[in-house]
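Worksheet: the structure to be examined is printed underneath.
In my numbering, the protein residues as written are -6 to 216.
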């Protein structure tokens, strides 16, 4: 009688063979779903912000209140993505998580102290980006990782575009219309990135598990 049991495919890694489990696949699905939520939240927030150009921002607090809630959704989703992303360098992975924590704590502190919506405060007071900007540094780290691993054009552009826009706003070096163009490009490319991740085969996002095992063993020996 033939064995009808389906065995998982065995992959050859740099330091040995490995298999991909259902848990691995679920982790990738969660990672990609989180990226999509973050991208959609960011795109909607961008649309709201751009719709306020040319008007008195302080007179339409409801729009910026909505942007603040969307920013919270974006930040939470980014946290889930950073909890499930596969990065070989544990130090880099931890650094991105710390960046997000710093940005989130700063955003909460500003939100509690300011009488205006967080989004409006950050826009009108660029120096707040010295704290809140760590969240976007974490996002840029994801873009860099994806550009390095998968050679995606949109993440290559975003890796440069995000710090350019934030630094430009911080030092007030960019005209408003240039900031608007860069922000729209950021939102559009972010959504393209999330959409392309959704249809990408799952195994490449898991990576070479033998490398993770090797690094884990090396760290155990060192400690």
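Cβ atoms here follow ideal geometry from the backbone N, Cα and C, with glycine treated the same way.
Starting from residue 139, trace the alpha helix (DSSP H) in both directions and tell me its first and last residue. First-last of the alpha helix (DSSP H) with residue 139: 122 to 143.
State the start and end residues of the unbroken alpha helix (DSSP H) segment that holds residue 68. Residues 54 to 77.
Residue environment, residue -4, which counts as buried when at least 16 other CB atoms sit within 10 Å: In this prediction, residue -4 scores a pLDDT of 47, lower than 50, which makes its location untrustworthy; the coordinate-derived value is nonetheless stated afterwards. Exposed, by the Cβ-count rule.
Assigned exposure category for residue 93 - 16 Cβ within 10 Å defines buried: By the neighbour-count rule (16 or more Cβ atoms within 10 Å), residue 93 is buried.
Classify residue -3 as helix, strand or coil using the three-state DSSP reduction. Residue placement at residue -3 is flagged as unreliable, the pLDDT there being 46, under the threshold of 50; a coordinate-derived value is accordingly withheld.
Status (buried if at least 16 other CB within 10 Å, exposed otherwise) for residue -1: Annotation note: pLDDT 48 at residue -1 (below 50); position unreliable, coordinate value reported separately. Here residue -1 is exposed, its C-beta having fewer than 16 other C-beta atoms within 10 Å.
Quick one: what's got a C-beta closer than 7 Å to residue 73's C-beta in the same chain, skipping five residues either side? Taken in chain order, the residues that qualify are 23, 27.
Where do the ends of the alpha helix (DSSP H) carrying residue 160 lie? Its alpha helix (DSSP H) spans residues 146 to 163.
Nearest by alpha-carbon distance to residue 64: which of 31, 182, 84 is it? Out of 31, 182, 84, 31 has the C-alpha closest to the C-alpha of residue 64.
What is the DSSP secondary structure of residue 80, reduced to helix, strand or coil? DSSP places residue 80 in coil when its eight states are reduced to three.
Here's the rule I'm using: 16 or more other beta-carbon atoms within 10 Å means buried, otherwise exposed. How should residue 133 be labelled? When all chains shown are included, residue 133 counts as buried.
Secondary structure of residue 188, DSSP reduced to three states: In the structure shown, residue 188 falls within a helical segment according to DSSP collapsed to helix, strand and coil.
Nearest-angstrom beta carbon gap, residue 199 and residue 13 [assumed within contact, 8 Å]: With 8 Å as the limit, residue 13 and residue 199 qualify as a contact, their Cβ atoms being about 6 Å apart.
Compare the Cα-Cα distances from residue 67 to each of 58, 44, 29, 108 and report the closest residue. Measuring C-alpha to C-alpha distances from residue 67 to each of 58, 44, 29, 108 identifies 29 as the nearest.
Option in 75, 34, 116, 56 with minimal Cα separation from residue 233: Not covered by the structure: residue 233. The range shown for the chain is -6 to 216.
Euclidean distance between Cα positions of residue 131 and residue 155: Spanning the two alpha carbons is a distance of roughly 11 Å.
With H, G and I counted as helix, E and B as strand and the rest as coil, what does DSSP make of residue 181? Residue 181 carries a helical assignment under DSSP once its states are collapsed to helix, strand and coil.
Between residue 166 and residue 145, what straight-line distance do the alpha-carbon atoms span, to the nearest angstrom? Using only the alpha carbons, I get a separation of about 29 Å.
What are the boundary residues of the alpha helix (DSSP H) that residue 199 is part of? Start and end: 196 to 199.
Hey, how far is the Cα of residue 136 from the Cα of residue 110? Whole-angstrom Cα-Cα distance: 28 Å.
Collapsed DSSP secondary structure at residue 97 in the structure displayed: The answer is helix: DSSP assigns residue 97 an H, G or I state.
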